[in-house]
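Visitor: Before anything else, here's the structure in question.
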Amino acid sequence: MQVALVGLGVMGKNLALNLIEKGLTLVAYDRNPDAGAELLSCAQSLGMAERLHIVSDLGDMVRRLETPRSILLLVPAGELVDRVCGDLVEAGVAKEDIIVDCGNSNYKDGITRKLKYQNKFEFATMGISGGAEGARHGPAMMASGSEGGWERVEPWFEKVAASYNGDSCFARVGQSASGHFVKMVHNGIEYALMQLIAEMYQLLRHGTGRSPKEVAEVFESWSEGTLNSYLLSISSHILRLETAKNESLVDLIDNKVGAKGTGLWTAQNALELGIAVPSLVAAVQARHLTNTIDTHAAKEMTYADKDTINIDVELDELKQAFYLASLLCYRQGLALIKGASRAHQWKVDLAKTLQTWRAGCIIRADYLDDVAQGVEFIDGLHTEMSALRKVTGLAVSSGLAFPVLSSTQTYIATLSTPSNGHLVQAQRDYFGEHGIKTHSSETCHLTDLVEIDAKVR
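Mapped onto my numbering, the consecutive letters of the sequence shown carry residue numbers 152 to 608.
Below is the structure:
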């Protein structure tokens, strides 16, 4: 089987080595010739160079490939994807050829491109997670579309992807560009889980006075049980790292956090679709807050340092709160995927989606079986629910910041306790006559229900 790959950056190079290791013959191109040379050198050192052909231009790539062609793109999202697609059309790709965008493209761009190139070639999308290590040894692969070209490459991708209990972490999760939407939400969940773990560290370090190594021990003990996850494991490892002078690594790192856009897209799309994902949005805003000093609003958002207080938290309760909060971060992401699937008629399969997250990706965790059980399972977690309430209250009382923890508690409380929305409805109708809906589903105005002699001016 032949496949081509355009883009030999860190992800592209490692995916290329994975592809040829699994037995595919690869034709590879990057506009930077040094990237091709580096890939060839790596393949030679591993004894796999006979299945690798580095080309100097896209025309040569297209000519070398057997028809119908299968071409993967791992180039930066945006304009460059369209530029490469246009160049491939000029180079001679045909209508039966499939081109798969494997980068972190915006799903809306994928929908546009499917229409734009429908008479030129089959355009498909696939989100890939796992970083460089995953790309090399087995990533999570979230594909989408019903193009006939998938049938040629799907058996190979099932081998290239990570596996969990013998099942591949490659799947066509739904129609159109849903693969990129699923990957986008995957990254939104990733933001939330990373921030949640950082908040657990914050609470233990600055709320209870533990050292980074002591926090690492807590995380490690959690990882030995049902809470085992990739992100918790790497956090424990990071907190143990020290310099030659016995300085904790985390104490040497600046607090400003960067982002590449997928978390922001998740928040934006959730707002557009009217689907509440407060934990995911809070994680994006938490990153923005770390960069406040660099914004135009810096002076208006710079406040004097405030004292915090120590708190006494039971580790078992903290573990239970973290477990439930983690489940709820996943469930918010899945609700967003399901809502988008209904809106766009993608027919996304959530079981297949979760299967792709079982191994290879950044948000893999042993408790994904619990996530899969859904709302009914979470409703039965009474001890954990009580722990989340208690821990959130204690955490906030310290004076420290816990945006994802508190947003997650707000999320579950809003959906499971009496709401205050009735007063907001009344306020809107009072000043703007927007209307209210009663418990009997009647739509009316306040003045239809009560007499108001004179409104407040």
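Glycine is no exception: its CB is placed at the ideal position from the N, C-alpha and C atoms. Keep in mind the model is a prediction, meaning the values are calculated, not measured.
According to DSSP, simplified to helix, strand and coil, what is MET345?
Guide: Along the sequence shown, one-based indexing puts residue 345 at 194. Residue state, collapsed to three classes: helix.
Visitor: Since TYR342 and VAL435 are thought to touch, with beta carbons under 8 Å apart, how far apart are those beta carbons, to the nearest angstrom?
Guide: To locate residue 342, count along the sequence shown from 1; it is residue 191. To locate residue 435, count along the sequence shown from 1; it is residue 284. Rounded, the Cβ-Cβ distance is 6 Å, consistent with contact.
Visitor: What is the DSSP secondary structure of ARG264, reduced to helix, strand or coil?
Guide: Numbered from its first residue, the sequence shown carries residue 264 at position 113. It is helical.
Visitor: Assuming the contact rule is C-beta atoms closer than 8 Å, GLY261 and ASP248 should be a hit. Round their C-beta distance to whole Å, please.
Guide: Along the sequence shown, one-based indexing puts residue 261 at 110. Along the sequence shown, one-based indexing puts residue 248 at 97. With a Cβ gap of about 17 Å, GLY261 and ASP248 do not count as contacting.
Visitor: Relative to the C-alpha of ILE563, which residue among ALA395, LEU479, LEU501 and ALA410 is closest?
Guide: Here the question's residue 563 lines up with position 412 in the sequence shown. Ranking ALA395, LEU479, LEU501 and ALA410 by Cα distance to ILE563 puts LEU479 first.
Visitor: To which residues of the same chain is THR594 closer than 8 Å at the C-beta, ignoring the five residues directly before and after it?
Guide: Here residue 594 corresponds to residue number 443 of the sequence shown, with the count starting at 1. So the qualifying residues of the chain are GLY586, ILE587 and LYS588.
Visitor: Using DSSP's beta-bridge definition, name the partner residues of LYS304.
Guide: Reading the sequence shown from its first residue, position 153 is the one you call residue 304. Lys is not the amino acid found at residue 304; the sequence shown has Val there. DSSP output for VAL304 lists no bridge partner at all.
Visitor: In whole angstroms, give me the CA-to-CA distance for MET351 and GLY163.
Guide: Reading the sequence shown from its first residue, position 200 is the one you call residue 351. Reading the sequence shown from its first residue, position 12 is the one you call residue 163. When rounded, the distance between both Cα atoms is 34 Å.
Visitor: Can you find at least 3 beta carbon pairs, one from the segment 495-504 and one from the segment 442-449, that sit closer than 8 Å?
Guide: no
Visitor: Do you know offhand how far LEU487's Cα is from ALA421's?
Guide: Here the question's residue 487 lines up with position 336 in the sequence shown. Here the question's residue 421 lines up with position 270 in the sequence shown. Taking the straight line from one Cα to the other gives about 7 Å.
Visitor: I need the straight-line Cα distance from GLU189 to GLU465, nearest angstrom please.
Guide: As a working note, residue 189 is residue 38 in the sequence shown. As a working note, residue 465 is residue 314 in the sequence shown. Each residue's alpha carbon lies about 52 Å from the other.
Visitor: Helix, strand or coil: which one does DSSP assign to GLN471?
Guide: Taking the first residue of the sequence shown as 1, we reach residue 471 at position 320. Three-state DSSP puts GLN471 in a helix.
Visitor: DSSP state of CYS236, grouped into three classes?
Guide: By one-based count along the sequence shown, residue 236 stands at place 85. In the structure shown, CYS236 sits in a helix (DSSP, three-state: H, G or I).
Visitor: Just checking my contact of LEU239 with LEU203 at CB under 8 Å: how many whole Å lie between their CB atoms?
Guide: Reading the sequence shown from its first residue, position 88 is the one you call residue 239. Reading the sequence shown from its first residue, position 52 is the one you call residue 203. Taking C-beta atoms under 8 Å as the contact rule, LEU239 and LEU203 fail to qualify, at a distance of about 20 Å.
Visitor: Tell me, please, whether the segment 353-365 touches the segment 524-531 by the rule of three or more beta-carbon pairs shorter than 8 Å.
Guide: no
Visitor: Apart from the five residues just before and just after GLU535, which ones in its own chain have a Cβ nearer than 8 Å to its Cβ?
Guide: For the purposes of this step, residue 535 is taken as the residue at position 384 of the sequence shown. Sequence-distant Cβ neighbours of GLU535 in its own chain, meaning closer than 8 Å and more than five residues away, are GLN471, ALA472, TYR474 and LEU475.
Visitor: Would the beta-carbon of GLY289 fall within 8 Å of that of ALA275?
Guide: Counting from 1 along the sequence shown, the entry for residue 289 is found at position 138. Counting from 1 along the sequence shown, the entry for residue 275 is found at position 124. No, Cβ-Cβ distance for GLY289 and ALA275 is not below 8 Å.
Visitor: Measuring CB to CB, does SER549 end up less than 8 Å from THR413?
Guide: If you number the sequence shown from 1, residue 549 lands on position 398. If you number the sequence shown from 1, residue 413 lands on position 262. Contact flag unset, no.
Visitor: Looking at the strands, I want to know which residues DSSP matches up with HIS204.
Guide: Translated into positions along the sequence shown, residue 204 becomes position 53. In the DSSP output, where bridge partners are listed per residue, HIS204 has VAL178.
Visitor: Start and end of the beta strand (DSSP E) containing LEU224?
Guide: Walking along the sequence shown from the start, residue 224 turns up at place 73. For LEU224, the uninterrupted beta strand (DSSP E) run begins and ends at 221-224, by DSSP.
Visitor: Check for me: the beta strand (DSSP E) holding ILE279 runs from which residue to which?
Guide: Counting from one through the sequence shown, the residue named residue 279 turns up at place 128. It spans 273-280 - the beta strand (DSSP E) in which ILE279 sits, taken as one unbroken run.
Visitor: Since GLY339 and GLY484 are thought to touch, with beta carbons under 8 Å apart, how far apart are those beta carbons, to the nearest angstrom?
Guide: On the sequence shown, position 188 is the one that residue 339 refers to. On the sequence shown, position 333 is the one that residue 484 refers to. Right, the Cβ-Cβ distance comes to about 6 Å (below 8 Å), so this counts as a contact.
Visitor: So GLN153 is in the beta strand (DSSP E); what residue range does that whole segment cover?
Guide: Looking up residue 153 in the sequence shown gives position 2. 153-157 is the extent of the beta strand (DSSP E) around GLN153.
Visitor: Which stretch, first to last residue, makes up the alpha helix (DSSP H) that contains ALA421?
Guide: On the sequence shown, residue 421 is found 270 positions in, with the first residue counted as 1. Here the alpha helix (DSSP H) through ALA421 covers 413-424.
Visitor: Could you tell me the alpha carbon to alpha carbon distance between ALA291 and ALA312, rounded to whole angstroms?
Guide: Counted from its first residue, the sequence shown places residue 291 at position 140. Counted from its first residue, the sequence shown places residue 312 at position 161. Their backbone Cα atoms lie some 6 Å apart in a straight line.
Visitor: The alpha helix (DSSP H) spanning MET162 covers which residue range?
Guide: Here residue 162 is taken as the residue at index 11 of the sequence shown, counted from 1. According to the DSSP assignment, MET162 belongs to the alpha helix (DSSP H) that extends over 161-172.
Visitor: Might you give, ordered along the chain, the residues of its own chain that have their beta carbon closer than 6 Å to the beta carbon of SER329, omitting 5 neighbours on each side?
Guide: What you label residue 329 is simply residue 178 of the sequence shown in a count that begins at 1. Only SER295, TRP497 and VAL499 meet the Cβ criterion.
Visitor: Please state whether DSSP places GLU230 in a helix, a strand or coil.
Guide: Locating residue 230 in the sequence shown gives position 79, where the first residue counts as 1. Here GLU230 sits in helix by DSSP.
Visitor: Which residues bound the beta strand (DSSP E) around VAL251?
Guide: Counting from 1 along the sequence shown, the entry for residue 251 is found at position 100. That run of the beta strand (DSSP E) goes 249-252.
Visitor: Buried or exposed, going by whether 16 or more other CB atoms sit within 10 Å of the CB of LEU469?
Guide: What you label residue 469 is simply residue 318 of the sequence shown in a count that begins at 1. Buried is the call here.
Visitor: I'd like the list of long-range same chain contacts for VAL232, defined as Cβ closer than 8 Å, with 5 residues on each side in sequence excluded.
Guide: Here residue 232 is taken as the residue at index 81 of the sequence shown, counted from 1. Excluding sequence neighbours, VAL232 sits near LEU224, VAL226, ASP252, GLY254, SER256, ASP260 and ARG264.
Visitor: Excluding the 5 residues flanking ALA200 on each side, which residues of the same chain have their C-beta closer than 8 Å to its C-beta?
Guide: Here the question's residue 200 lines up with position 49 in the sequence shown. LEU191 and ALA194, listed in sequence order.
Visitor: Could you pull out every unbroken beta strand (DSSP E) segment of at least 3 residues lying fully inside the segment 312-363, listed in chain order?
Guide: 321-325
Visitor: Within the same chain, show all residues whose beta-carbon is closer than 7 Å to that of ALA167, passing over the 5 residues directly before and after it, in chain order.
Guide: Against the sequence shown, residue 167 aligns to sequence position 16. Excluding residues within five positions, the ones whose Cβ falls inside 7 Å are LEU156, LEU159, LEU177, ALA179 and LEU190.
Visitor: Would GLY243 and VAL213 be called neighbours here (beta carbons separated by less than 8 Å)?
Guide: Here residue 243 is taken as the residue at index 92 of the sequence shown, counted from 1. Here residue 213 is taken as the residue at index 62 of the sequence shown, counted from 1. Yes; because the gap between Cβ atoms is below 8 Å, this pair is in contact.
Visitor: In whole angstroms, what separates the C-alpha of TRP646 from that of ILE513?
Guide: With the chain running from 152 to 608 in the structure shown, residue 646 is simply not present.
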